[in-house]
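K.L.:
The following block contains the structure, expressed as structure tokens.
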Amino acid sequence: MRTRHDDPPIPEEITPRDLNGQARNELKTLSKENADEVARHLAMAAALIEDDPELAHQHAISASRRAGRIAVVRETLAITAYAIGDFALALRELRTYRRISGKDDQIALMVDSERGVGRPERALEVGRSVERAALPVEVRVELAIAMSGARLDLGQTERALQELDIPELDPDRAFEWSPALFSARATVLEELGRDGEAAQWARRAEIAAEALDAAAGVGELEVIEVEEIDAAPTEVPTAERGAVEAGDGIPPTGGE
3 MRTRHDDPPI PEEITPRDLN GQARNELKTL SKENADEVAR HLAMAAALIE DDPELAHQHA
63 ISASRRAGRI AVVRETLAIT AYAIGDFALA LRELRTYRRI SGKDDQIALM VDSERGVGRP
123 ERALEVGRSV ERAALPVEVR VELAIAMSGA RLDLGQTERA LQELDIPELD PDRAFEWSPA
183 LFSARATVLE ELGRDGEAAQ WARRAEIAAE ALDAAAGVGE LEVIEVEEID AAPTEVPTAE
243 RGAVEAGDGI PPTGGE
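Counting with the working numbering, you get residues 3 to 258 for the letters of the sequence shown.
Structure, rendered in structure tokens:
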């Protein structure tokens with residue numbers, strides 16, 4: 003039997019078009035009235051996920067009660083559950099999302115959710131169950147970080163570092179995934195007692211984040227050159243022409 007759930011209010015100015023087009027397309031099997039309401043709840047979940055994950059989760063629950071067989075709905079419910087620390091629910095919803103969509107793009111979140119429920123060995127099994135070469139590059143990086151975390155949970159520090167030795171680890175250039183990857187490496191190096199190297203990678207993470215923030219909105223930028231790590235703390239690297247796609251909250255439900 004379902005527990006009682008009251009739909010959180012949605013501001014009148016929020017419309018279905020505040021949900022991105024790809025996600026709206028998934029709702030076309032619903033009646034227009036239902037699709038519009040689901041889209042508005044998903045848009046609210048995307049808008050609130052950073053500042054109020056609990057309220058974002060309530061919107062995701064409302065969407066799932068109206069459209070539980072839609073992949074993006076289950077994905078959003080999983081992401082908001084993870085954000086509030088309900089890792090068991092996140093796992094359940096991620097498995098459902100994976101079954102409905104046939105996609106492995108949330109595999110890193112599955113690994114982290116297994117860690118969240120205290121099963122690091124199972125987390126490693128889940129991470130090894132996919133063909134990494136077939137994953138989008140940003141997903142491969144997220145998976146490497148999650149796998150490294152699982153190794154740390156097990157006290158396998160050297161192997162945690164090895165998990166991060168991936169082609170995307172470029173100390174001289176910053177992509178959208180670089181700050182998190184650099185920070186993860188700094189954490190593992192610190193655990194190994196290699197404090198000098200840890201400080202260098204932590205500084206690289208700061209520089210990469212600053213550079214990406216500075217480049218946001220400057221045309222379409224993809225690659226940022228990272229200056230030497232001993233540069234003055236106030237210096238921000240110059241952006242190089244390329245293509246960075248900045249994340250916007252919940253990937254599948256962010257506004258257009």
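We put the CB at the ideal spot given by N, CA and C, even for glycine.
Report the rounded CA-to-CA distance for Leu183 versus His43, giving the unit in angstroms.
P.N.:
Straight-line Cα distance between these residues: approximately 32 Å.
K.L.:
In angstroms, rounded to a whole number, what distance separates the CA positions of Leu154 and Thr82?
P.N.:
About 25 Å.
K.L.:
Taking only three categories from DSSP, how would you classify Ala69?
P.N.:
It is coil, neither helix nor strand.
K.L.:
Distance, Cα to Cα, Glu208 vs Trp179?
P.N.:
Going by the C-alpha atoms only, they are around 13 Å apart.
K.L.:
Do Val113 and Thr159 have their beta-carbon atoms positioned less than 8 Å apart in this structure?
P.N.:
The answer is no: Cβ separation not under 8 Å.
K.L.:
How many angstroms separate the CA atom of Ser33 from the CA atom of Leu145?
P.N.:
Their backbone Cα atoms lie some 37 Å apart in a straight line.
K.L.:
Excluding the 5 residues preceding and the 5 following Ser115 in the sequence, name in chain order all residues of the same chain whose CB lies nearer than 7 Å to its CB.
P.N.:
Counting only Cβ-Cβ distances below 7 Å, and skipping sequence neighbours, we find Tyr84, Phe89, Ala92, Leu93 and Leu96.
K.L.:
Going by the CB atoms, is the gap between Tyr99 and Ala80 shorter than 8 Å?
P.N.:
Yes. Within cutoff.
K.L.:
Report the start-end ranges of each beta strand (DSSP E) in the segment 122-176 that is 3 residues or longer and not cut off at the edges.
P.N.:
Here no run is fully enclosed.
K.L.:
Taking the beta carbon of Gly87 as the centre, do at least 16 other beta carbons fall within 10 Å, making it buried, or is it exposed?
P.N.:
When all chains shown are included, Gly87 counts as exposed.
K.L.:
Around the C-beta of His59, are 16 or more other C-beta atoms found within 10 angstroms, so that it is buried, or is it exposed?
P.N.:
His59 is buried by the Cβ-count criterion.
K.L.:
Within the same chain, show all residues whose beta-carbon is closer than 6 Å to that of Leu156, passing over the 5 residues directly before and after it, in chain order.
P.N.:
Closer than 6 Å at the Cβ level, and outside the excluded window around Leu156, lie Pro122.
K.L.:
Could you spell out the range, first to last residue, of the alpha helix (DSSP H) harbouring Pro181?
P.N.:
First-last of the alpha helix (DSSP H) with Pro181: Ser180 to Glu193.
K.L.:
Using only the alpha-carbon positions, how far apart do Arg68 and Asn36 sit?
P.N.:
C-alpha separation (whole angstroms): 7 Å.
K.L.:
Using a threshold of 8 Å, state whether the C-beta atoms of Ala176 and Ala201 are closer than that.
P.N.:
Cβ atoms of Ala176 and Ala201: not closer than 8 Å.
K.L.:
Using the Cα positions of Ala234 and Ala218, report the straight-line distance between them to the nearest angstrom.
P.N.:
Here Ala234 scores only 33 on pLDDT, less than 50, and its place in the model is too uncertain to base an answer on.
K.L.:
Which residue from Ala62, Pro18 and Ala47 puts its Cα closest to that of Ala41?
P.N.:
It is Pro18.
K.L.:
Does DSSP put Thr5 in a helix, in a strand, or in coil?
P.N.:
DSSP places Thr5 in coil when its eight states are reduced to three.
K.L.:
So, with DSSP's three-state summary, where would you put Val113?
P.N.:
The answer is helix: DSSP assigns Val113 an H, G or I state.
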